[in-house]
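Chains A and B supply the protein sequences, listed in that same order. For reference, each letter of the first sequence is one residue, going 1 to 334 in this note's numbering. For reference, each letter of the second sequence is one residue, going 1001 to 1222 in this note's numbering. Ideal Cβ positions, reconstructed from N, Cα and C, are used throughout, including at glycine. Just so we're clear, the structure is a prediction, and the values are computed from it rather than from any experiment.
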Amino acid sequence: MSVNGRRPLHQSTPPRRRLVRARRPPILDRLGIWLHQHRQTLIDSLYRLRAAPLASSMTVTVIAISLALPTLLYILSANLRLLVGNWEQTAAISLFLDFQVEDQQAQALASQLRGWPEIARVELITREQALAEFRDLGGFEEALDRIQENPLPIVLVIYPQPDRSDSAQLEALQSRLLELPEADFTRMDTLWLQRLEAIIALMQVIALLIGVLLGIGVLLIVGNTIRLEILNRHIEIEVMALVGATPGFIRRPFLYTGAWYGLLGSLLAWILVGIALLILQVYVSELASLYHTAFKLSGLGLGEIGILIGTSILLGLIGSWLAVDRHLRQTRTL
Amino acid sequence: MIRFQNVYKRYPERGDALAGIDLEIQTGEMVFLTGHSGAGKSTLLRLIGLLERPTRGQVLVNGRNLTTLPRREIPYHRRQVGMIFQDHRLLPDRSVFDNVALPLMVMGVHPKEIGRRVRAVLDQVGLLRRERALPVALSGGEQQRVGIARALVGRPAVLLADEPTGNLDPDLSREIFHLFERFKYVGMTLVIATHDFDLVEELGHRTLRLDEGRLVSDTGAW
Ligand SMILES: Nc1ncnc2c1ncn2[C@@H]1O[C@H](COP(=O)(O)OP(=O)(O)O)[C@@H](O)[C@H]1O
Ligand SMILES: [Mg+2]
């Protein structure tokens, strides 16, 4: 195995000396090489995850749980909002007219109100109808019999247009109605709706807060996982630096690893959320059947799934970037 | 090709590892760097490869002033300087081929071109048939030749070797040094730190001796 003996000296293929930096290859070639390198790194980094399945899957699971929690909260609040929207559409304002207002006048007012753009439907309840309804409720017959005159006013039940029936718009309509000369008072049970809306808004703020906190958690998890991987591969990093790798080149595989963690974590989070929704749907259906309705929980839309996956990949990238950057700055030779 | 002007390297824990070094090495020279352990040989090589910067003085390599070279230029400087270490610094989980290909991948050379150039240098060091092997499957001498191939594959202007034969028996050492001589004859500049005084004398190239961080003798060009 003599090195020198393999070939006479003068015939050896000498390493060509190169004083000037080699001419850079044409742009298309460079793009091709760049793409090739990235594809290679993409695949390599996935193989590395597979090489340590336990550690990788633990990291992926922790990321998934961290993402699933705020996502689920968000979905539930979105569903509640949907539900409240349904209820608001059936909201109605009862306009109690002055006692002196006669049926004919009330009819005229009703048809006038039907012309308002924010009103969908107006129902007139005459005194007699109101009294009959009141009697039907039961328990008041005796009291009513003692009263000579019908004490009930005419009531107009006003159903607003479904798309103009959030609580602020209902409130505005209510005050307009009160300005009518025939109006005595109005009644509308929207307080509970407002409270529910406030609760939903609070839920969304909580979801956002938890999302931010757990997002920072994901950043740290990925950062720490990458840090361990860097420690495992510090010899490789050092050798690459010795042969002239730029920090960007050294960083690249770790960024890909971080991105993979983000992608896999978000996909698992999606699955976890799906399972949680399936379980919740059972209880929601039961609850809805008590009210003789059906309500189907809606999951994530396509855009929301995109945001979930994109955010997760971004967090993975940032986490690994921070870890690699710290290492590069700490190492003298790099 | 390489010039030191009144170079000092001081480690806070130790003091001056190099003190007042002045020297000039021409293109195509092969220079031995000798001196007892701790004399500063590795430190001097590290300054040329820009693994460290001098505390004082100027180091110029191939027209670049390393003292003022911006940090982002360091990788491009390293591509012009091949480095060989006593412990080889091969990546144990990669084949001979992949180890040697590393500098070219780092430089963004086209994959086809990588295959051609890696096989060409493996041929030069006589390891063409071991390209698929992992470093552990190789003998010490073969591992060192993989290290040499890796240092050469990027066609550097300067080759630095830090006690490349420290773990090898005399015959293998001689072989490695003869390999280096071939590179000298094609115009590469080589600086080789070594303890191997017998071989240094036998081969008879310019020899620098360091002692306590000072340049105490220089045989001059041969
Ligand atoms: N990174 C370092 N930190 C502190 N001291 C160092 C460092 N590197 C080298 N030295 C010291 O500098 C001196 C020269 O070391 P070195 O260049 O490795 O010598 P040689 O290679 O000739 O054996 C030694 O005393 C060593 O302890
Ligand atoms: Mg040394």
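Please confirm whether any heavy atom of ligand 2 lies closer than 7 Å to the CB of Lys1041/B. Start at 1 with the first residue of the second sequence, and residue 1041/B comes out as number 41. Indeed, a heavy atom of ligand 2 lies less than 7 Å from the Cβ.
Give me the Cα-Cα distance between Arg1119/B and Arg1014/B, rounded to the nearest whole angstrom. Position 119 of the second sequence, counted from the start, is the residue given in the question as residue 1119/B. Position 14 of the second sequence, counted from the start, is the residue given in the question as residue 1014/B. C-alpha separation (whole angstroms): 44 Å.
Taking Tyr47/A as the reference, give the member of Leu317/A, Glu182/A, Trp260/A, Ile305/A with the closest Cα. Taking the first sequence and counting its residues from 1, one reaches residue 47/A at position 47. Nearest neighbour of Tyr47/A by Cα position, chosen from Leu317/A, Glu182/A, Trp260/A, Ile305/A, turns out to be Trp260/A.
If we ignore side chains and look at the alpha-carbon of each, how far apart do Val1031/B and Gly1126/B end up? Sequence index remark: in the second sequence, residue 1031/B carries index 31 (1-based). Sequence index remark: in the second sequence, residue 1126/B carries index 126 (1-based). Val1031/B and Gly1126/B: Cα-Cα distance of roughly 24 Å.
What is the DSSP secondary structure of Ser94/A, counted as helix, strand or coil? Sequence index remark: in the first sequence, residue 94/A carries index 94 (1-based). Correct three-state label for Ser94/A: strand.
For the beta strand (DSSP E) containing Thr126/A, list its first residue and its last residue. Counting from one through the first sequence, the residue named residue 126/A turns up at place 126. For Thr126/A, there is no enclosing beta strand (DSSP E), as DSSP marks it with neither H nor E.
Below 6 Å CB to CB, which residues in the same chain sit around Leu196/A once its five sequence neighbours on both sides are set aside? Position 196 of the first sequence, counted from the first residue, corresponds to residue 196/A. Cβ within range, chain order: Val84.
Can you check the stretch 1100-1166 of chain B for any beta strand (DSSP E) of at least 3 residues that lies completely inside it and give the ranges in chain order? At a cut-off of 3 residues, the continuous stretches assigned as beta strand (DSSP E) that sit fully inside the stretch 1100-1166 of chain B are 1158-1162.
Between Tyr1011/B and ligand 1, is there a pair consisting of the residue's CB and a ligand heavy atom that are separated by less than 7 Å? Taking the first residue of the second sequence as 1, we reach residue 1011/B at position 11. Checking every heavy atom of ligand 1 against the Cβ of Tyr1011/B, one is found closer than 7 Å.
Apply the 10 Å Cβ neighbour rule to Ile279/A and answer buried if 16 or more other Cβ atoms are within range, or exposed otherwise. Working through the first sequence from its first residue, we reach residue 279/A at position 279. Its Cβ having fewer than 16 others within 10 Å, Ile279/A is exposed.
Using the C-alpha atoms, what's the distance from Leu1090/B back to Val1146/B? As a position in the second sequence, residue 1146/B is number 146, starting the count at 1. As a position in the second sequence, residue 1090/B is number 90, starting the count at 1. Taken atom to atom, the span from the alpha-carbon of Val1146/B to that of Leu1090/B is near 8 Å.
Tell me which residues of the stretch 1097-1122 of chain B have at least one Cβ-Cβ distance to chain A shorter than 8 Å, keeping chain order. Of all residues in the stretch 1097-1122 of chain B, those with a C-beta nearer than 8 Å to a C-beta of chain A are Leu1102, Pro1103, Met1105, Val1106, Met1107, Gly1108, Val1109, His1110, Pro1111, Ala1120, Val1121, reading in chain order.
Since Arg1258/B sits in a beta bridge, which residues does DSSP pair it with? In the structure displayed, chain B extends from 1001 to 1222; residue 1258/B sits before or after that span and is not available.
Could you run through the stretch 236-261 of chain A and flag, in chain order, every residue whose CB is less than 7 Å away from some CB of chain B? Cβ proximity to chain B below 7 Å picks out Glu236, Val239, Met240, Leu242, Val243, Gly244, Ala245, Thr246, Phe249 from the stretch 236-261 of chain A.
I want to check one thing, is the minimum distance from the CB of Asp1016/B to the heavy atoms of ligand 2 below 7 Å? Mapped onto the second sequence, residue 1016/B falls at position 16. The answer is no for Asp1016/B.
Which class does Phe134/A belong to by DSSP, given the choice of helix, strand or coil? Position 134 of the first sequence, counting from 1, holds the residue named residue 134/A. The answer is helix: DSSP assigns Phe134/A an H, G or I state.
Tell me whether Tyr1011/B sits in a helix, a strand or coil according to DSSP, three-state version. Taking the second sequence and counting its residues from 1, one reaches residue 1011/B at position 11. In the structure shown, Tyr1011/B sits in a strand (DSSP, three-state: E or B).
Just checking Glu1052/B against ligand 2 - is the residue's beta carbon closer than 7 Å to any of the ligand's heavy atoms? Against the second sequence, residue 1052/B aligns to sequence position 52. Glu1052/B Cβ: outside cutoff for every heavy atom of ligand 2.
Is Gly1020/B a contact residue of ligand 1, with contact defined as CB to any heavy atom under 7 Å? As a position in the second sequence, residue 1020/B is number 20, starting the count at 1. Answer for Gly1020/B: no, Cβ out of range of ligand 1.
Does the distance from the CB of Tyr1076/B to the CB of Gly310/A come in under 8 Å? Taking the first residue of the second sequence as 1, we reach residue 1076/B at position 76. Taking the first residue of the first sequence as 1, we reach residue 310/A at position 310. Taking 8 Å as the Cβ cut-off, Tyr1076/B and Gly310/A do not qualify as a contacting pair.
Which residue marks the beginning of the alpha helix (DSSP H) containing Asp29/A, and which one marks its end? Residue 29/A sits at position 29 when you count from the first residue of the first sequence. Asp29/A -> alpha helix (DSSP H) spans 27-51.
Would DSSP call Tyr291/A helix, strand or coil? Translated into the one-based positions of the first sequence, residue 291/A becomes position 291. Three-state result, Tyr291/A: coil.
On the CB-based measure, 16 or more other CB atoms within 10 Å of its CB, does Pro1092/B come out buried or exposed? Mapped onto the second sequence, residue 1092/B falls at position 92. Under this definition Pro1092/B is an exposed residue.
Any non-hydrogen atom of ligand 1 closer than 7 Å to Asp1037/B Cβ: Within the second sequence, residue 1037/B is the residue found at index 37, counting from 1. The sequence given here has Ser at residue 1037/B, not Asp. Yes, since a heavy atom of ligand 1 falls inside the 7 Å radius drawn around the Cβ of Ser1037/B.
Within 7 Å: the Cβ of Glu1212/B and any heavy atom of ligand 2? For this step, residue 1212/B is matched to residue 212 along the second sequence. It does not: the Cβ of Glu1212/B is nowhere closer than 7 Å to a heavy atom of ligand 2.
Between the CA atoms of Gly248/A and Asp29/A - distance to the nearest angstrom: Stepping through the first sequence from its first residue, residue 29/A is reached at position 29. Stepping through the first sequence from its first residue, residue 248/A is reached at position 248. A straight line joining the alpha-carbon of Asp29/A with that of Gly248/A spans about 20 Å.
With three or more C-beta pairs closer than 8 Å as the rule, is the stretch 128-135 of chain A touching the stretch 216-230 of chain A? In short, these stretches do not touch, since the Cβ pair count stays below three.
Just how far apart, CA to CA, sit Gly32/A and Ile63/A? Locating residue 32/A in the first sequence gives position 32, where the first residue counts as 1. Locating residue 63/A in the first sequence gives position 63, where the first residue counts as 1. Whole-angstrom Cα-Cα distance: 34 Å.
Should Gln330/A be flagged as near chain B, meaning a C-beta pair shorter than 8 Å? Working through the first sequence from its first residue, we reach residue 330/A at position 330. No, no contact with chain B.
Can you name the residues of chain A whose CB is closer than 8 Å to the CB of Leu1091/B? Here residue 1091/B corresponds to residue number 91 of the second sequence, with the count starting at 1. Near Leu1091/B (Cβ distances below 8 Å), the residues of chain A are Ile235, Glu236, Val239.
Just checking: is the beta-carbon of His327/A within a distance shorter than 8 Å of some beta-carbon in chain B? As a first step, residue 327/A must be located in the first sequence, where it is residue number 327. It does not; no Cβ of chain B falls within 8 Å.
Three or more C-beta pairs closer than 8 Å, one from the stretch 107-119 of chain A and one from the stretch 315-333 of chain A: is that the case here? Judged by pairs of C-beta atoms under 8 Å, the stretch 107-119 of chain A does not touch the stretch 315-333 of chain A, as fewer than three such pairs exist.
Give a yes or no on whether the minimum CB-CB distance between Arg1014/B and chain A is below 8 Å. As a working note, residue 1014/B is residue 14 in the second sequence. Not a single CB atom of chain A sits nearer than 8 Å to the CB of Arg1014/B.
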